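What follows is a short report on a single structure.
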Amino acid sequence: MNQSDESKQAYHPATADQAPAKTLSGWMTRWQLVARRIRVPLGFVSAGLYLWELYGNSPRPGPMLASAALVLPGLWLRGYAAGYVKKNRELTMTGPYAYTRNPLYLGSILIAFGFAVALTSLVFAIVLIGGFLMIYVPVIASEEDFLRRTFPKYEEYCERVPRLIPRLTPAPSSLTTHVHETERGSFSFSLYCRHREYNSAMGALLLYASLEIARLLHGHGWR
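Per numbering that gives the first Met the number 0, residue 0 is the first one in the sequence shown, and the count goes up by one each step.
Take a look at the structure:
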């Protein structure tokens, strides 16, 4: 409905305040879509950067061993979560999802920073932090919007379970009191295989092999 000239010239604080908010919201929505599309290609770019850093740095046994304190728990957490989650079909609230809403992403973060420790690369660590803030934070927000629209119980789940940093104890059992028995479930190896989570373990083994090969080559005067 058209407004009169007088109403157009009048100052409406609420409208003035909402305009920047809507602009920011629209920008965030667009960036969430972009982030979802580029996160996998950026993963390959990050791997390329890691190999480039590996070429210029000689890995040492101490940091390589120390990195396992992050990489192994990360692999375990991703594998554990992959055996529970039924993407887009059910709201998973058991297993690792009773401690954190995003165990897969948390596992990925542990693995990535573990390999940054193995290479003792400040550059790679900075790239990881930037990638997490620019890519994974908006992707997580986008996925949460979808889950909130799809599953009525998600809001209550969010109140009980933190987004990333896990609880020390699982969420209260009352959260799943009314969940159907088939939705509670337990770890499923078939789900683990269906999600091809073994690829994470294989990738980690290849990176450790690359680190060891680079260490030996640098020790023999390579480069």
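Yeah, the Cβ is synthetic: ideal placement off N, Cα and C, and Gly gets one too. Here the structure is a predicted model, which is why all the values come from computation and not from measurement.
When the Cα atoms are used, what is the spatial distance from residue i to residue j?
i, j, result
"ASP144", "GLY61", "42 Å"
"HIS179", "GLY78", "Bear in mind that the predicted position of HIS179 carries a pLDDT of just 43, short of 50, making it too unreliable to give a figure here."
"TYR197", "GLU154", "32 Å"
"GLY47", "ALA208", "15 Å"
"SER107", "LEU71", "11 Å"
"GLU211", "GLY218", "11 Å"
"SER66", "ASN101", "22 Å"
"ARG226", "VAL44", "Nothing in the structure corresponds to residue 226, since the chain is present only between 0 and 222."
"ALA9", "ALA140", "Because ALA9 sits at a pLDDT of 46, beneath the cut-off of 50, its placement in the model cannot be relied upon, and the point is left open."
"ALA170", "SER185", "16 Å"
"LEU167", "LEU76", "15 Å"
"TYR156", "TRP51", "42 Å"
"VAL122", "LEU109", "17 Å"
"HIS194", "ALA200", "13 Å"
"ARG35", "ARG148", "18 Å"
"PHE150", "ALA124", "36 Å"
"PHE112", "LEU105", "11 Å"
"THR237", "THR99", "The structure shown has nothing for residue 237, since the chain only spans 0 to 222."
"LYS152", "VAL116", "39 Å"
"LEU146", "SER120", "36 Å"
"HIS177", "LEU216", "Unreliable placement is indicated for HIS177, whose pLDDT of 49 sits below 50; the coordinate value is still reported in the next sentence. Rounded to the nearest angstrom, the two C-alpha atoms are 59 Å apart."
Considering Cα atoms alone, identify which of the options is closest to residue i.
i, options, result
"LEU64", "ASN101, LEU216, LEU118", "LEU118"
"GLU142", "ALA200, PHE112, LEU103, PRO165", "LEU103"
"VAL160", "GLY94, TRP51, PRO40", "GLY94"
"LEU69", "ARG162, PHE114, PHE131", "PHE114"
"LYS85", "CYS192, ALA213, LEU210, ILE212", "CYS192"
"LEU205", "TYR96, TYR49, ARG29, ILE37", "TYR49"
"GLY130", "ARG166, PRO171, GLU211, ARG38", "ARG38"
"ILE164", "PRO151, ILE128, ALA97, VAL122", "ALA97"
"LEU127", "LEU41, ARG166, VAL33", "LEU41"
"SER189", "ARG35, THR99, GLY73, ALA80", "ALA80"
"SER187", "VAL116, TYR83, LEU132", "TYR83"
"GLN31", "LEU132, THR99, GLY73, VAL116", "LEU132"
"ALA203", "LEU74, ARG148, VAL33", "LEU74"
Shorter than 8 Å from the beta carbon of residue i to some beta carbon of chain D?
i, result
"GLY55", "Although the question refers to chain D, the structure presented lacks it and comprises just one protein chain."
When you compare the segment 125–142 with the segment 83–94, are there three or more beta-carbon pairs, one atom per stretch, that lie closer than 8 Å? Segments in contact, no.
Please list the segments of the alpha helix (DSSP H) lying wholly inside the segment 71–133, counting only runs of 4 or more residues, in order along the chain. DSSP runs (the alpha helix (DSSP H)) wholly in the segment 71–133: 102–118, 121–130.
Quick check: the segment 42–56 against the segment 156–170, are there 3 or more CB pairs under 8 Å? The segment 42–56 vs the segment 156–170: no contact.
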